[in-house]
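Take 1 as the starting number for the sequence shown in the UniProt record's numbering and just add one per residue.
Positions of the beta carbon are idealized from the N, C-alpha and C atoms, including for glycine.
I have placed the structure first, in the form of C-alpha coordinates, so that the comments after it can refer back to it.
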Amino acid sequence: MNCNRIVFFICITIAGKIMAQAPRQFQGQGPIKGVSTEDRPVQKQWKGLFSFPGSEVFFDNDFEGGRLNGVARINDSTFSALITSENTPVNESPWYAFKVWSKRPQAITIVLTYQQGIRHRYAPRLSKNGHDWLSIEGPDAKKIFETDSLPVEYRFHLTVSRDTTWVAAQELYTSRRVKEWVKVISRKPGVTVTDIGRTHAGRPVTLLKIGNPASKNRMLIIGRQHPPEVTGQLAMQAFIENLNGDEPLAKKFREQFLIYLVPMMNPDGVDEGFWRHNAGGVDLNRDWAAFNQPETRAVRDFLQKELGDKNNKLWFGLDFHSTYDDIFYLVDPKLNGVLPGFIPAWLDQLRERIPGYTPNVKPLYSEGPTYTSFSYLFKTYGTEALVYEIGDKTSRDFIQQKSKVAATALMEMLLQKVN
1 MNCNRIVFFI CITIAGKIMA QAPRQFQGQG PIKGVSTEDR PVQKQWKGLF
51 SFPGSEVFFD NDFEGGRLNG VARINDSTFS ALITSENTPV NESPWYAFKV
101 WSKRPQAITI VLTYQQGIRH RYAPRLSKNG HDWLSIEGPD AKKIFETDSL
151 PVEYRFHLTV SRDTTWVAAQ ELYTSRRVKE WVKVISRKPG VTVTDIGRTH
201 AGRPVTLLKI GNPASKNRML IIGRQHPPEV TGQLAMQAFI ENLNGDEPLA
251 KKFREQFLIY LVPMMNPDGV DEGFWRHNAG GVDLNRDWAA FNQPETRAVR
301 DFLQKELGDK NNKLWFGLDF HSTYDDIFYL VDPKLNGVLP GFIPAWLDQL
351 RERIPGYTPN VKPLYSEGPT YTSFSYLFKT YGTEALVYEI GDKTSRDFIQ
401 QKSKVAATAL MEMLLQKVN
(Lines of atoms letter the chains of each structure in order from A; the text may use other names.)
(Lines give C-alpha, C1' and ligand atoms only; values in the text may rest on other atoms or scores of the structure.)
Protein backbone atom coordinates (compact mmCIF):
# COMPACT_ATOMS: atom_id res chain seq x y z
CA MET A 1 0.00 0.00 0.00
CA ASN A 2 1.04 3.56 -0.60
CA CYS A 3 0.59 4.19 3.13
CA ASN A 4 4.04 2.67 3.69
CA ARG A 5 5.54 5.62 1.87
CA ILE A 6 3.60 8.23 3.79
CA VAL A 7 5.60 9.94 6.48
CA PHE A 8 3.67 12.02 8.95
CA PHE A 9 5.16 13.65 12.01
CA ILE A 10 2.38 13.18 14.48
CA CYS A 11 1.99 13.88 18.13
CA ILE A 12 -1.35 13.28 19.71
CA THR A 13 -2.69 15.10 22.73
CA ILE A 14 -6.19 14.18 23.77
CA ALA A 15 -8.04 17.02 25.48
CA GLY A 16 -10.08 15.61 28.33
CA LYS A 17 -9.14 13.22 31.09
CA ILE A 18 -10.10 9.57 30.79
CA MET A 19 -12.19 9.10 33.89
CA ALA A 20 -13.05 5.42 33.73
CA GLN A 21 -11.51 2.20 32.54
CA ALA A 22 -13.10 0.44 29.58
CA PRO A 23 -14.99 -2.72 30.47
CA ARG A 24 -13.31 -5.97 29.56
CA GLN A 25 -15.96 -6.67 26.94
CA PHE A 26 -18.19 -4.37 24.96
CA GLN A 27 -21.73 -4.56 26.35
CA GLY A 28 -23.48 -3.50 23.16
CA GLN A 29 -26.47 -1.26 22.78
CA GLY A 30 -29.66 -1.36 24.81
CA PRO A 31 -33.13 -2.33 23.59
CA ILE A 32 -34.16 -0.76 20.28
CA LYS A 33 -36.70 2.02 20.75
CA GLY A 34 -39.05 3.31 18.12
CA VAL A 35 -38.64 6.82 16.75
CA SER A 36 -40.51 8.77 14.11
CA THR A 37 -39.15 8.06 10.64
CA GLU A 38 -41.05 10.78 8.85
CA ASP A 39 -38.87 13.29 7.02
CA ARG A 40 -36.95 15.81 9.11
CA PRO A 41 -34.85 18.75 7.89
CA VAL A 42 -31.11 18.28 7.52
CA GLN A 43 -28.38 20.88 7.77
CA LYS A 44 -26.60 21.47 4.48
CA GLN A 45 -22.95 22.22 5.14
CA TRP A 46 -21.11 24.89 3.16
CA LYS A 47 -18.62 23.30 0.76
CA GLY A 48 -15.45 25.01 -0.36
CA LEU A 49 -12.01 26.34 0.60
CA PHE A 50 -11.27 27.64 4.09
CA SER A 51 -8.46 30.22 4.13
CA PHE A 52 -7.28 32.91 6.55
CA PRO A 53 -5.68 36.34 6.02
CA GLY A 54 -1.92 36.09 6.39
CA SER A 55 -2.00 32.30 6.75
CA GLU A 56 -0.41 29.82 4.37
CA VAL A 57 -2.63 26.92 5.56
CA PHE A 58 -5.79 25.89 3.71
CA PHE A 59 -8.65 23.48 4.45
CA ASP A 60 -11.18 22.00 2.01
CA ASN A 61 -14.34 19.90 2.41
CA ASP A 62 -15.60 20.00 -1.18
CA PHE A 63 -15.63 16.30 -2.06
CA GLU A 64 -17.90 13.27 -1.60
CA GLY A 65 -17.99 12.28 2.04
CA GLY A 66 -16.53 15.60 3.20
CA ARG A 67 -17.59 16.94 6.61
CA LEU A 68 -16.09 20.14 8.00
CA ASN A 69 -18.57 22.71 9.22
CA GLY A 70 -16.12 25.47 10.02
CA VAL A 71 -12.50 26.30 10.81
CA ALA A 72 -11.24 28.90 13.28
CA ARG A 73 -7.64 30.05 13.35
CA ILE A 74 -6.50 30.11 16.98
CA ASN A 75 -2.95 31.28 16.22
CA ASP A 76 -0.40 30.95 13.42
CA SER A 77 -0.14 27.18 13.83
CA THR A 78 -3.34 26.08 15.60
CA PHE A 79 -6.72 25.59 13.95
CA SER A 80 -10.03 24.51 15.46
CA ALA A 81 -12.12 22.32 13.12
CA LEU A 82 -15.83 22.40 13.92
CA ILE A 83 -17.70 19.16 13.25
CA THR A 84 -21.50 19.10 13.54
CA SER A 85 -24.21 16.63 12.56
CA GLU A 86 -26.82 16.79 9.82
CA ASN A 87 -29.61 17.19 12.40
CA THR A 88 -30.49 16.27 15.96
CA PRO A 89 -31.08 14.12 17.89
CA VAL A 90 -28.38 11.93 16.39
CA ASN A 91 -26.24 8.94 17.29
CA GLU A 92 -22.77 9.83 18.59
CA SER A 93 -20.92 8.92 15.40
CA PRO A 94 -19.18 12.25 14.65
CA TRP A 95 -17.91 11.75 11.13
CA TYR A 96 -15.42 14.23 9.70
CA ALA A 97 -13.37 14.36 6.51
CA PHE A 98 -11.36 17.22 5.04
CA LYS A 99 -8.17 18.11 3.18
CA VAL A 100 -5.40 20.35 4.47
CA TRP A 101 -2.23 21.75 2.89
CA SER A 102 0.21 24.64 3.16
CA LYS A 103 2.26 26.81 0.82
CA ARG A 104 5.38 25.71 2.72
CA PRO A 105 6.23 22.78 4.98
CA GLN A 106 5.26 23.50 8.56
CA ALA A 107 3.92 21.87 11.71
CA ILE A 108 0.36 22.70 12.71
CA THR A 109 -2.06 21.67 15.42
CA ILE A 110 -5.64 20.72 14.59
CA VAL A 111 -8.29 20.61 17.31
CA LEU A 112 -11.39 18.60 16.41
CA THR A 113 -14.30 20.33 18.14
CA TYR A 114 -17.87 19.03 18.23
CA GLN A 115 -21.34 20.35 18.94
CA GLN A 116 -22.55 20.44 22.53
CA GLY A 117 -23.12 17.02 24.06
CA ILE A 118 -20.95 15.12 21.56
CA ARG A 119 -17.58 13.56 22.36
CA HIS A 120 -14.72 12.52 20.12
CA ARG A 121 -14.94 8.94 18.86
CA TYR A 122 -12.84 8.32 15.73
CA ALA A 123 -9.05 8.73 15.76
CA PRO A 124 -7.99 10.48 12.54
CA ARG A 125 -6.86 8.50 9.55
CA LEU A 126 -4.52 10.19 7.09
CA SER A 127 -3.94 9.77 3.38
CA LYS A 128 -1.99 11.39 0.58
CA ASN A 129 -4.31 10.21 -2.19
CA GLY A 130 -7.75 9.73 -0.63
CA HIS A 131 -7.53 5.97 -1.17
CA ASP A 132 -4.79 4.53 1.05
CA TRP A 133 -5.09 5.40 4.73
CA LEU A 134 -3.04 5.20 7.90
CA SER A 135 -4.41 5.70 11.41
CA ILE A 136 -2.48 8.09 13.65
CA GLU A 137 -3.06 5.59 16.45
CA GLY A 138 -0.97 2.46 16.70
CA PRO A 139 -2.40 -1.07 16.35
CA ASP A 140 -2.55 -1.42 20.14
CA ALA A 141 -4.68 1.68 20.68
CA LYS A 142 -6.98 1.36 23.66
CA LYS A 143 -10.64 0.69 22.98
CA ILE A 144 -13.00 2.83 25.03
CA PHE A 145 -16.58 1.62 25.35
CA GLU A 146 -17.96 4.08 27.88
CA THR A 147 -18.85 7.21 25.93
CA ASP A 148 -18.65 9.39 29.05
CA SER A 149 -14.94 8.57 29.14
CA LEU A 150 -14.30 9.93 25.66
CA PRO A 151 -12.74 13.40 25.30
CA VAL A 152 -14.86 16.39 24.30
CA GLU A 153 -12.25 17.43 21.74
CA TYR A 154 -9.22 15.89 20.08
CA ARG A 155 -5.93 17.66 19.44
CA PHE A 156 -3.25 16.35 17.10
CA HIS A 157 -0.13 17.73 15.43
CA LEU A 158 0.56 17.34 11.74
CA THR A 159 3.27 18.40 9.31
CA VAL A 160 1.70 19.83 6.16
CA SER A 161 3.12 21.00 2.84
CA ARG A 162 2.00 21.71 -0.72
CA ASP A 163 1.06 18.04 -1.00
CA THR A 164 -2.52 17.60 0.18
CA THR A 165 -3.15 15.58 3.32
CA TRP A 166 -6.57 13.98 3.68
CA VAL A 167 -7.92 13.65 7.23
CA ALA A 168 -10.98 11.51 8.00
CA ALA A 169 -12.70 9.60 10.78
CA GLN A 170 -12.32 6.37 8.80
CA GLU A 171 -11.28 5.47 5.28
CA LEU A 172 -13.29 7.37 2.67
CA TYR A 173 -15.59 4.77 1.16
CA THR A 174 -18.13 6.75 -0.84
CA SER A 175 -20.74 5.56 -3.34
CA ARG A 176 -18.25 6.08 -6.16
CA ARG A 177 -15.78 3.66 -4.60
CA VAL A 178 -18.51 1.11 -3.98
CA LYS A 179 -19.55 1.39 -7.64
CA GLU A 180 -15.97 0.56 -8.61
CA TRP A 181 -16.08 -2.50 -6.36
CA VAL A 182 -19.43 -3.56 -7.83
CA LYS A 183 -17.92 -3.40 -11.33
CA VAL A 184 -15.20 -5.82 -10.27
CA ILE A 185 -17.64 -8.20 -8.57
CA SER A 186 -20.02 -8.16 -11.53
CA ARG A 187 -17.35 -9.41 -13.96
CA LYS A 188 -17.87 -12.90 -12.61
CA PRO A 189 -20.40 -15.18 -14.33
CA GLY A 190 -23.70 -15.39 -12.51
CA VAL A 191 -23.68 -11.81 -11.23
CA THR A 192 -26.26 -9.26 -12.34
CA VAL A 193 -26.64 -5.65 -11.20
CA THR A 194 -29.93 -3.77 -11.08
CA ASP A 195 -31.41 -0.69 -9.47
CA ILE A 196 -34.44 -1.49 -7.32
CA GLY A 197 -35.35 2.08 -6.47
CA ARG A 198 -34.15 5.60 -5.84
CA THR A 199 -32.96 7.21 -2.63
CA HIS A 200 -34.43 10.31 -1.05
CA ALA A 201 -32.01 12.45 -3.10
CA GLY A 202 -32.45 10.44 -6.29
CA ARG A 203 -29.40 8.17 -6.19
CA PRO A 204 -29.91 4.54 -7.24
CA VAL A 205 -30.51 1.79 -4.68
CA THR A 206 -28.32 -0.84 -6.29
CA LEU A 207 -28.83 -4.58 -5.81
CA LEU A 208 -26.69 -7.46 -7.02
CA LYS A 209 -27.90 -10.98 -7.67
CA ILE A 210 -25.11 -13.51 -7.22
CA GLY A 211 -25.62 -17.18 -7.96
CA ASN A 212 -28.31 -19.32 -9.54
CA PRO A 213 -31.51 -17.42 -10.41
CA ALA A 214 -33.36 -20.73 -10.82
CA SER A 215 -32.65 -21.78 -7.24
CA LYS A 216 -35.40 -21.45 -4.63
CA ASN A 217 -32.76 -20.91 -1.93
CA ARG A 218 -32.15 -17.23 -1.25
CA MET A 219 -30.19 -15.05 1.19
CA LEU A 220 -29.93 -11.28 1.68
CA ILE A 221 -26.95 -9.16 2.66
CA ILE A 222 -27.17 -5.41 3.16
CA GLY A 223 -24.68 -2.79 4.25
CA ARG A 224 -24.04 0.84 5.04
CA GLN A 225 -27.37 1.96 6.43
CA HIS A 226 -25.28 4.33 8.58
CA PRO A 227 -22.70 6.48 6.75
CA PRO A 228 -19.65 6.42 9.10
CA GLU A 229 -19.68 2.63 9.49
CA VAL A 230 -16.80 1.87 7.16
CA THR A 231 -15.47 -1.18 8.99
CA GLY A 232 -18.82 -2.86 8.43
CA GLN A 233 -18.50 -2.03 4.73
CA LEU A 234 -15.05 -3.63 4.63
CA ALA A 235 -16.34 -6.77 6.36
CA MET A 236 -19.32 -7.01 4.03
CA GLN A 237 -17.16 -6.73 0.92
CA ALA A 238 -14.71 -9.35 2.18
CA PHE A 239 -17.63 -11.64 3.02
CA ILE A 240 -19.10 -11.28 -0.48
CA GLU A 241 -15.73 -11.78 -2.16
CA ASN A 242 -15.50 -15.16 -0.45
CA LEU A 243 -19.05 -16.14 -1.44
CA ASN A 244 -18.20 -15.07 -4.98
CA GLY A 245 -14.79 -16.73 -5.03
CA ASP A 246 -13.32 -19.40 -7.29
CA GLU A 247 -13.00 -22.13 -4.66
CA PRO A 248 -15.07 -25.31 -5.27
CA LEU A 249 -17.13 -24.63 -2.14
CA ALA A 250 -18.10 -21.15 -3.31
CA LYS A 251 -18.96 -22.38 -6.80
CA LYS A 252 -21.13 -25.15 -5.38
CA PHE A 253 -22.83 -22.68 -3.06
CA ARG A 254 -23.68 -20.34 -5.93
CA GLU A 255 -25.12 -23.26 -7.87
CA GLN A 256 -27.62 -23.87 -5.07
CA PHE A 257 -28.25 -20.35 -3.79
CA LEU A 258 -29.09 -16.91 -5.10
CA ILE A 259 -27.61 -14.11 -3.01
CA TYR A 260 -29.23 -10.69 -2.91
CA LEU A 261 -26.77 -7.93 -2.04
CA VAL A 262 -27.49 -4.25 -1.35
CA PRO A 263 -23.94 -2.96 -0.80
CA MET A 264 -24.89 0.59 0.20
CA MET A 265 -28.36 1.33 1.55
CA ASN A 266 -27.65 4.99 2.26
CA PRO A 267 -25.49 6.56 -0.49
CA ASP A 268 -27.04 9.97 0.21
CA GLY A 269 -25.80 10.02 3.78
CA VAL A 270 -22.41 8.61 2.84
CA ASP A 271 -21.70 11.13 0.09
CA GLU A 272 -23.00 14.06 2.15
CA GLY A 273 -20.76 13.15 5.08
CA PHE A 274 -23.66 12.57 7.45
CA TRP A 275 -23.22 11.03 10.88
CA ARG A 276 -26.23 8.70 10.84
CA HIS A 277 -29.19 9.60 8.66
CA ASN A 278 -30.34 9.61 5.07
CA ALA A 279 -31.26 12.72 3.07
CA GLY A 280 -34.67 12.61 4.72
CA GLY A 281 -33.01 13.13 8.10
CA VAL A 282 -33.95 9.63 9.30
CA ASP A 283 -32.13 6.60 10.70
CA LEU A 284 -32.93 3.98 8.06
CA ASN A 285 -32.43 1.17 10.56
CA ARG A 286 -35.43 2.38 12.53
CA ASP A 287 -37.71 2.48 9.48
CA TRP A 288 -38.33 -1.24 8.91
CA ALA A 289 -41.81 -1.05 10.43
CA ALA A 290 -43.21 2.23 9.08
CA PHE A 291 -41.30 2.23 5.76
CA ASN A 292 -41.53 5.99 5.41
CA GLN A 293 -38.25 6.21 3.51
CA PRO A 294 -37.70 5.22 -0.14
CA GLU A 295 -34.58 3.18 0.61
CA THR A 296 -36.28 0.75 2.99
CA ARG A 297 -39.38 0.60 0.79
CA ALA A 298 -37.21 -0.37 -2.19
CA VAL A 299 -35.84 -3.43 -0.38
CA ARG A 300 -39.23 -4.37 1.11
CA ASP A 301 -40.96 -4.18 -2.28
CA PHE A 302 -38.18 -6.13 -3.99
CA LEU A 303 -38.40 -8.94 -1.45
CA GLN A 304 -42.18 -9.08 -1.70
CA LYS A 305 -41.89 -9.46 -5.46
CA GLU A 306 -39.15 -12.09 -5.26
CA LEU A 307 -40.52 -14.13 -2.36
CA GLY A 308 -44.26 -13.47 -2.30
CA ASP A 309 -45.80 -16.28 -4.35
CA LYS A 310 -42.83 -17.97 -6.00
CA ASN A 311 -42.00 -20.49 -3.27
CA ASN A 312 -38.55 -18.96 -2.89
CA LYS A 313 -37.21 -19.15 0.66
CA LEU A 314 -35.04 -16.52 2.32
CA TRP A 315 -32.91 -18.73 4.54
CA PHE A 316 -30.43 -16.22 5.86
CA GLY A 317 -29.98 -12.46 6.25
CA LEU A 318 -27.01 -10.32 7.31
CA ASP A 319 -26.90 -6.60 8.01
CA PHE A 320 -23.36 -5.22 8.34
CA HIS A 321 -22.65 -2.32 10.71
CA SER A 322 -19.90 -0.76 12.84
CA THR A 323 -19.78 0.10 16.53
CA TYR A 324 -17.24 0.43 19.33
CA ASP A 325 -16.19 -3.22 19.16
CA ASP A 326 -17.12 -6.44 17.36
CA ILE A 327 -20.50 -7.87 18.36
CA PHE A 328 -23.35 -9.88 16.85
CA TYR A 329 -26.95 -8.84 17.54
CA LEU A 330 -29.41 -11.73 17.32
CA VAL A 331 -33.06 -12.58 17.55
CA ASP A 332 -33.96 -14.05 20.95
CA PRO A 333 -32.90 -17.73 20.70
CA LYS A 334 -36.24 -18.74 22.25
CA LEU A 335 -37.88 -17.73 18.96
CA ASN A 336 -37.59 -20.12 16.05
CA GLY A 337 -36.98 -19.18 12.45
CA VAL A 338 -36.63 -21.41 9.40
CA LEU A 339 -33.48 -23.05 10.84
CA PRO A 340 -33.72 -23.21 14.66
CA GLY A 341 -30.31 -23.15 16.31
CA PHE A 342 -28.49 -22.35 13.08
CA ILE A 343 -27.00 -18.98 14.03
CA PRO A 344 -25.57 -20.10 17.42
CA ALA A 345 -24.04 -23.12 15.68
CA TRP A 346 -22.55 -20.87 12.98
CA LEU A 347 -21.03 -18.54 15.57
CA ASP A 348 -19.59 -21.57 17.37
CA GLN A 349 -17.75 -22.38 14.16
CA LEU A 350 -16.16 -18.94 14.20
CA ARG A 351 -14.95 -19.57 17.73
CA GLU A 352 -13.52 -22.95 16.78
CA ARG A 353 -11.84 -21.78 13.57
CA ILE A 354 -10.32 -18.47 14.70
CA PRO A 355 -7.64 -19.02 17.36
CA GLY A 356 -8.23 -16.98 20.50
CA TYR A 357 -11.52 -15.50 19.30
CA THR A 358 -14.84 -15.73 21.12
CA PRO A 359 -17.81 -14.04 19.43
CA ASN A 360 -19.52 -11.36 21.48
CA VAL A 361 -23.24 -12.09 21.15
CA LYS A 362 -26.31 -10.20 22.36
CA PRO A 363 -30.00 -10.90 21.64
CA LEU A 364 -31.65 -7.65 20.57
CA TYR A 365 -35.09 -8.61 19.28
CA SER A 366 -37.79 -10.71 20.92
CA GLU A 367 -41.15 -9.31 19.90
CA GLY A 368 -42.96 -6.17 18.91
CA PRO A 369 -42.41 -3.73 16.02
CA THR A 370 -39.63 -4.52 13.57
CA TYR A 371 -37.75 -1.23 13.60
CA THR A 372 -34.56 -2.85 12.30
CA SER A 373 -33.80 -4.80 9.15
CA PHE A 374 -32.89 -8.08 10.83
CA SER A 375 -36.03 -8.11 12.98
CA TYR A 376 -38.14 -7.36 9.89
CA LEU A 377 -36.61 -10.26 7.97
CA PHE A 378 -37.15 -12.64 10.89
CA LYS A 379 -40.73 -11.64 11.63
CA THR A 380 -41.83 -11.41 7.98
CA TYR A 381 -40.07 -14.40 6.45
CA GLY A 382 -38.79 -16.45 9.40
CA THR A 383 -35.30 -15.71 8.07
CA GLU A 384 -32.32 -16.55 10.25
CA ALA A 385 -31.13 -12.95 10.45
CA LEU A 386 -28.62 -11.03 12.52
CA VAL A 387 -26.52 -7.88 12.69
CA TYR A 388 -22.79 -8.31 12.01
CA GLU A 389 -21.05 -5.42 13.81
CA ILE A 390 -17.37 -4.57 13.44
CA GLY A 391 -15.45 -2.36 15.86
CA ASP A 392 -14.23 1.09 14.88
CA LYS A 393 -10.66 0.05 15.70
CA THR A 394 -10.79 -3.58 14.61
CA SER A 395 -7.67 -4.55 12.67
CA ARG A 396 -8.29 -4.51 8.93
CA ASP A 397 -6.43 -7.82 8.67
CA PHE A 398 -8.72 -9.38 11.27
CA ILE A 399 -11.77 -8.04 9.44
CA GLN A 400 -10.62 -9.95 6.36
CA GLN A 401 -9.81 -13.09 8.34
CA LYS A 402 -13.12 -13.16 10.17
CA SER A 403 -15.15 -12.53 7.02
CA LYS A 404 -13.40 -15.37 5.22
CA VAL A 405 -13.96 -17.82 8.07
CA ALA A 406 -17.56 -16.68 8.54
CA ALA A 407 -18.39 -16.98 4.85
CA THR A 408 -16.76 -20.40 4.53
CA ALA A 409 -18.57 -21.80 7.57
CA LEU A 410 -21.86 -20.34 6.40
CA MET A 411 -21.60 -21.91 2.96
CA GLU A 412 -20.74 -25.32 4.40
CA MET A 413 -23.59 -25.25 6.90
CA LEU A 414 -26.28 -23.92 4.56
CA LEU A 415 -25.41 -26.49 1.92
CA GLN A 416 -25.82 -29.23 4.52
CA LYS A 417 -29.22 -27.87 5.52
CA VAL A 418 -30.73 -27.59 2.04
CA ASN A 419 -29.37 -30.91 0.71
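Note down, in chain order, each residue of its chain lying with its Cβ closer than 6 Å to the Cβ of residue i, except the 5 sequence neighbours on either side.
{"i": "G48", "result": "D62"}
{"i": "W166", "result": "K99, S127 and G130"}
{"i": "P105", "result": "S161"}
So what's residue i in DSSP terms, helix, strand or just coil?
{"i": "Q106", "result": "strand"}
{"i": "W166", "result": "strand"}
{"i": "G391", "result": "strand"}
{"i": "N2", "result": "Note that N2 scores 46 on pLDDT, short of 50, meaning its location in the model is unreliable and no value can be drawn from it."}
{"i": "L339", "result": "coil"}
{"i": "W181", "result": "helix"}
{"i": "L377", "result": "helix"}
{"i": "R276", "result": "coil"}
{"i": "L158", "result": "strand"}
{"i": "K188", "result": "coil"}
{"i": "D39", "result": "coil"}
{"i": "residue 443", "result": "Because the chain here runs from 1 to 419, residue 443 falls outside it and cannot be looked at."}
{"i": "V418", "result": "helix"}
{"i": "L386", "result": "strand"}
{"i": "V152", "result": "coil"}
{"i": "V405", "result": "helix"}
{"i": "F59", "result": "strand"}
{"i": "I32", "result": "coil"}
{"i": "V270", "result": "helix"}
{"i": "L258", "result": "strand"}
{"i": "L284", "result": "helix"}
{"i": "L49", "result": "strand"}
When burial is assigned at 16 or more other CB atoms within 10 Å of the CB, is residue i buried or exposed?
{"i": "N75", "result": "exposed"}
{"i": "K99", "result": "buried"}
{"i": "Q170", "result": "buried"}
{"i": "T84", "result": "buried"}
{"i": "V418", "result": "exposed"}
{"i": "W133", "result": "buried"}
{"i": "residue 427", "result": "This structure leaves residue 427 out entirely; the chain is present only between 1 and 419."}
{"i": "W95", "result": "buried"}
{"i": "K183", "result": "exposed"}
{"i": "G202", "result": "exposed"}
{"i": "S403", "result": "buried"}
{"i": "Q103", "result": "In the sequence as presented, Gln is not what sits at residue 103; that position holds Lys. Result: exposed."}
{"i": "T323", "result": "buried"}
In whole angstroms, give me the CA-to-CA distance for residue i and residue j.
{"i": "D332", "j": "S366", "result": "5 Å"}
{"i": "T164", "j": "P204", "result": "31 Å"}
{"i": "R224", "j": "T199", "result": "13 Å"}
{"i": "A298", "j": "L307", "result": "14 Å"}
{"i": "F326", "j": "L207", "result": "The sequence as given places Asp at residue 326; Phe does not occur at that position. Cα-Cα distance, rounded: 26 Å."}
{"i": "H226", "j": "N212", "result": "30 Å"}
{"i": "S395", "j": "S175", "result": "23 Å"}
{"i": "N278", "j": "G138", "result": "32 Å"}
{"i": "D140", "j": "W101", "result": "29 Å"}
{"i": "W346", "j": "F320", "result": "16 Å"}
{"i": "residue 420", "j": "R125", "result": "Absent from the structure is residue 420, since the part of the chain shown begins at 1 and ends at 419."}
{"i": "L350", "j": "T358", "result": "8 Å"}
{"i": "R353", "j": "T78", "result": "49 Å"}
{"i": "F52", "j": "A72", "result": "9 Å"}
{"i": "Y381", "j": "L314", "result": "7 Å"}
{"i": "L303", "j": "L284", "result": "17 Å"}
{"i": "Y376", "j": "L318", "result": "12 Å"}
{"i": "Y173", "j": "I240", "result": "17 Å"}
{"i": "T194", "j": "Q25", "result": "41 Å"}
{"i": "Y154", "j": "T109", "result": "10 Å"}
{"i": "L82", "j": "N336", "result": "48 Å"}
{"i": "Y122", "j": "D392", "result": "7 Å"}
{"i": "I144", "j": "P263", "result": "29 Å"}
{"i": "Q45", "j": "N87", "result": "11 Å"}
{"i": "K209", "j": "R187", "result": "12 Å"}
Within its chain, find whatever has a CB closer than 8 Å to the CB of residue i; leave out the 5 residues flanking it on each side and keep chain order.
{"i": "G34", "result": "R286, A289, P369 and Y371"}
{"i": "F253", "result": "G211, L243, M411, L414 and L415"}
{"i": "A409", "result": "W346, Q349, L350 and R353"}
Are the C-beta of residue i and some C-beta of chain B separated by less than 8 Å?
{"i": "N87", "result": "Reference to chain B is not applicable here, since this structure consists of a single protein chain."}
For residue i, which residues from the same chain have a beta carbon less than 7 Å from its beta carbon, with the 5 sequence-adjacent residues on both sides left out?
{"i": "F291", "result": "R297 and R300"}
{"i": "I343", "result": "L330, E384 and L386"}
{"i": "L339", "result": "W315, E384 and K417"}
{"i": "K379", "result": "T370"}
{"i": "K17", "result": "Because the pLDDT at K17 is just 33, under 50, the model does not fix this residue reliably, and the value given afterwards should be weighed accordingly. Cβ within range, chain order: n/a, list empty."}
{"i": "I118", "result": "E92 and P94"}
Query raised in the report: Curious, which full-length alpha helix (DSSP H) runs of at least 4 residues does the stretch 195-255 contain?
Result: If only complete runs of 4 or more residues are kept, the stretch 195-255 shows the alpha helix (DSSP H) at 230-243, in order along the chain.
Report task. Let me know the alpha helix (DSSP H) ranges lying completely inside the stretch 288-356, each 4 residues or longer, listed in chain order. Result -> Whole alpha helix (DSSP H) segments, 4+ residues: 294-307 and 342-353.
Report task. Output the residue ranges of the beta strand (DSSP E) runs that lie fully inside the stretch 64-146 and measure 3 residues or longer, sorted by chain position. Result -> Qualifying beta strand (DSSP E) stretches, in chain order: 70-75, 78-83, 97-102, 106-114 and 125-127.
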